[in-house]
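The next block holds one structure in the form of structure tokens; read it before the comments.
There are 2 protein chains.
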Amino acid sequence: MTEHVPVKGLQRSQLSNRTGCNIETIRYYENIGLMPEPPRTSKGYRLYDETHVRRLRFVLRSRELGFGINEIRGLLDLVDRKCQTCAEIQERTKPHLAEIRAKISDLRRIERLLARTIAQCSGEDVPECPILDALVA
Amino acid sequence: MTEHVPVKGLQRSQLSNRTGCNIETIRYYENIGLMPEPPRTSKGYRLYDETHVRRLRFVLRSRELGFGINEIRGLLDLVDRKCQTCAEIQERTKPHLAEIRAKISDLRRIERLLARTIAQCSGEDVPECPILDALVA
DNA sequence: CATAACTCCTGTAGCAACTACAGGCTCAAG
DNA sequence: CTTGAGCCTGTAGTTGCTACAGGAGTTATG
Chain A
1 MTEHVPVKGL QRSQLSNRTG CNIETIRYYE NIGLMPEPPR TSKGYRLYDE THVRRLRFVL
61 RSRELGFGIN EIRGLLDLVD RKCQTCAEIQ ERTKPHLAEI RAKISDLRRI ERLLARTIAQ
121 CSGEDVPECP ILDALVA
Chain B
138 MTEHVPVKGL QRSQLSNRTG CNIETIRYYE NIGLMPEPPR TSKGYRLYDE THVRRLRFVL
198 RSRELGFGIN EIRGLLDLVD RKCQTCAEIQ ERTKPHLAEI RAKISDLRRI ERLLARTIAQ
258 CSGEDVPECP ILDALVA
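Those sequence lines, one after another, are chains A and B.
Numbered by this note's numbering, the letters in the first sequence go through residues 1 to 137 in order.
Numbered by this note's numbering, the letters in the second sequence go through residues 138 to 274 in order.
Here's what the structure looks like:
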């Protein structure tokens with residue numbers, strides 16, 4: 001009369017499939033407190049539900065948008081406290097956007113430099129490449 | 138009659154100052170084989186010279202351009218073998234440029250998304266922010 | 001019903017590319 | 001001669017995962 005079949009709920013692999021999140025990463029997010037500890041079966045298996053799916057999607061989406069773990073922690077805080085306002089969210093998001101724009105312009109600078117250098121390179125079988133010269137200089 | 142004054146050469150802090158490289162990073166680069174082991178004084182102090190300055194500058198410049206440690210190892214290999222050709226260098230550099238361009242377009246996608254979302258946000262003191270909605274959806 | 005194959009559990013080690021610290025010497029100056 | 005700086009070493013921490021080892025439970029097939 002033991003209930004060895006999960007009455008309802010998703011196991012880790014199912015949550016993984018639903019969200020596309022690596023199965024090990026789920027446990028990792030739990031360990032660092034981004035995901036709440038789910039209830040367990042009598043044998044200790046994790047049992048997730050739709051709230052976990054939503055929360056994990058939130059986390060994954062935020063990561064995709066380049067938020068760091070701590071930034072996400074902050075966003076989740078706002079969500080959990082349920083007293084978020086547009087103003088608060090903007091406050092967190094705008095500096096992040098600024099960071100991303102800074103990264104983009106960094107990379108574009110690098111791109112221009114690299115492209116220019118490669119263009120100077122004959123691509124022939126001769127030694128003394130202008131790319132290396134640019135690196136050494 | 139012991140020579141306790143370094144006859145010639147730079148200590149770690151001086152190499153650090155000349156190149157702007159963090160002093161601990163220098164030892165790190167030595168450990169992983171990007172920098173050669175320098176000669177030592179009788180008491181074990183490292184003694185660098187101008188070749189080390191040049192090599193470290195090469196490494197730092199390459200890092201700035203976004204090359205990973207292993208890519209730099211490859212470039213240094215070419216330099217050391219002294220048989221590099223333009224063609225070889227281009228071969229290593231072009232895929233790297235492609236990577237950087239890919240990163241840029243990723244970031245720009247994120248930037249557009251984030252900027253659009255923030256624009257929808259009233260910035261007022263009301264709850265239910267479209268940014269969070271975008272994240273949850 | 002036995003056994004193989006699968007999933008789950010835990011803790012821990014590894015990746016990049018550093019950075020920082022602890023504990024011990026050496027060295028130059030006052 | 002003592003003080004403080006700078007050097008030495010090995011090791012741990014950082015961020016965001018990913019992967020493995022070793023054990024327990026569960027499912028499928030003969």
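Every residue gets a Cβ at the ideal spot worked out from N, C-alpha and C, and that includes glycine.
Quiz prompt | Proximal chain B residues relative to residue 69/A, where beta-carbon distance stays under 8 Å | solution = Chain B residues near residue 69/A: none, gap ~15 Å exceeds 8 Å.
Practice problem: May I ask you to list, following chain order, the residues of the segment 93–126 of chain A that have a beta carbon less than 8 Å from some beta carbon of chain B? | Solution: 93, 94, 96, 97, 100, 101, 103, 104, 107, 108, 110, 111, 113, 114, 115, 117, 118, 121, 122, 123, 124, 125, 126
Practice problem: Have a look at 213/B, 256/B, 151/B and flag the residue whose alpha-carbon is nearest the alpha-carbon of residue 91/A. | Solution: 256/B
Quiz item: Would you call the segment 87–106 of chain A and the segment 236–249 of chain B in contact, with 3 or more CB pairs under 8 Å?
Solution: yes
Quiz prompt | Length of the line joining the Cα atoms of residue 214/B and residue 132/A | solution = Distance between the alpha carbons of residue 214/B and residue 132/A: 12 Å.
Quiz item: Is any beta-carbon of chain A found at less than 8 Å from that of residue 158/B?
Solution: Chain A places no beta carbon closer than 8 Å to that of residue 158/B, leaving this residue out of the contacts.
Quiz item: If you draw a straight line from the alpha carbon of residue 195/B to that of residue 242/B, how long is it in whole angstroms?
Solution: 28 Å
Quiz item: Smallest Cα separation from residue 169/A: which of 159/B, 177/B, 224/B?
Solution: Outside the shown range of chain A, which is 1 to 137, sits residue 169/A, and nothing can be said about it.
Quiz prompt | residue 15/A at chain B interface by Cβ criterion, 8 Å | solution = no
Exercise. Run down chain A in chain order and give the residues with a C-beta less than 7 Å from the C-beta of residue 226/B.
Key: Neighbours of residue 226/B across chain A, judged by C-beta separation under 7 Å: 121, 129, 131, 132.
Self-check item: Member of 226/B, 148/B, 230/B, 272/B whose CA lies at the smallest distance from the CA of residue 181/B
Solution: 148/B
Quiz item: chain A beta carbons: is any one of them nearer than 8 Å to that of residue 173/B?
Solution: No, residue 173/B does not count as interfacial toward chain A.
Practice problem: Leaving aside the five residues before and after residue 31/A along the sequence, list all residues of the same chain whose C-beta is less than 8 Å from its C-beta, in chain order. | Solution: none
Quiz item: Can you pull the DSSP bridge partners for residue 165/B?
Solution: Answer is none; residue 165/B lacks a bridge partner.
Quiz item: Taking only beta-carbon atoms, is residue 44/A less than 8 Å away from chain B?
Solution: no
Practice problem: Identify whether residue 147/B lies in helix, strand or coil by the three-state DSSP scheme. | Solution: DSSP, read as helix, strand or coil, puts residue 147/B in strand.
Quiz prompt | Backbone CA spacing between residue 34/A and residue 174/B [nearest angstrom] | solution = 44 Å
Practice problem: Give me whichever residues DSSP pairs with residue 177/B in a beta bridge. | Solution: Paired residues: 183/B.
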